[in-house]
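In the working numbering, the protein residues as written are 1378 to 1530.
Quick look at the structure:
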């Protein structure tokens, strides 16, 4: 009888901290993205259309988690900063390589958006709506935000 062991590290997160999820990309590769849940008092709870998504594209060498964790908001002056945005989902996809968020990079960002929408389908008050999207980016991600902003209506 041969025994083996495997250590797995789990990253436990609060609801308002980023979490990483995986999805099947258009090229059939497994990719990942980080996301942050909307605040419990987000305005999107009042509508049946779902929550808007801030699609944040990173620059070269930045991880999805680091990109998502760079966004902080104060709900009011009495509270500490929280991760994410004030009114909806924060989505930070990641794809390595020289793509400038064009071509396969652009497709990947959209696939991450559709994956988040599918992942949140069972959350009726906080469902992500892939048709209400705001784009943000830094460096290479800024270029990608510009590309997606003018090509995706």
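No residue lacks a Cβ here, since even glycine has one placed at the ideal position from N, Cα and C.
Note that the structure is a prediction, hence the values are computed from the model and not measured.
Residue 1409 - DSSP class collapsed to helix/strand/coil
Your numbering for residue 1409 matches position 32 in the chain shown. Reduced to three states, the DSSP call for residue 1409 is strand.
By the DSSP assignment, the alpha helix (DSSP H) with residue 1523 in it spans what residues?
Residue mapping note: residue 1523 aligns to position 146 of the chain shown, counting from 1. Element bounds for residue 1523: 1517-1528.
Report the partner residues of residue 1500 according to the DSSP bridge assignment.
In the chain shown, the residue the question calls residue 1500 occupies position 123. Paired residue(s): none; residue 1500 is not in a bridge.
Compute the Euclidean distance between the alpha carbons of residue 1471 and residue 1456, then round it to the nearest angstrom.
By one-based count along the chain shown, residue 1471 stands at place 94. By one-based count along the chain shown, residue 1456 stands at place 79. When rounded, the separation of the alpha-carbon atoms in residue 1471 and residue 1456 is 30 Å.
C-alpha gap between residue 1460 and residue 1476, whole angstroms:
As a first step, residue 1460 must be located in the chain shown, where it is residue number 83. As a first step, residue 1476 must be located in the chain shown, where it is residue number 99. Rounded to the nearest angstrom, the two C-alpha atoms are 27 Å apart.
For residue 1450 and residue 1463, the rounded distance between their alpha carbons
Here residue 1463 refers to the residue found at position 86 of the chain shown. Here residue 1450 refers to the residue found at position 73 of the chain shown. For residue 1463 and residue 1450, the distance between alpha carbons rounds to 6 Å.
Alpha-carbon spacing of residue 1467 relative to residue 1381, whole angstroms
Along the chain shown, one-based indexing puts residue 1467 at 90. Along the chain shown, one-based indexing puts residue 1381 at 4. Approximately 39 Å, taken between the alpha carbons.
Given residue 1512, which residues of its chain have a CB within under 6 Å of its CB, disregarding the five upstream and five downstream residues?
Taking the chain shown and counting its residues from 1, the one referred to as residue 1512 is at position 135. If the five residues before and after residue 1512 are omitted, its C-beta is found closer than 6 Å to the C-beta atoms of 1432, 1522, 1525 and 1526, all from its own chain and listed in chain order.
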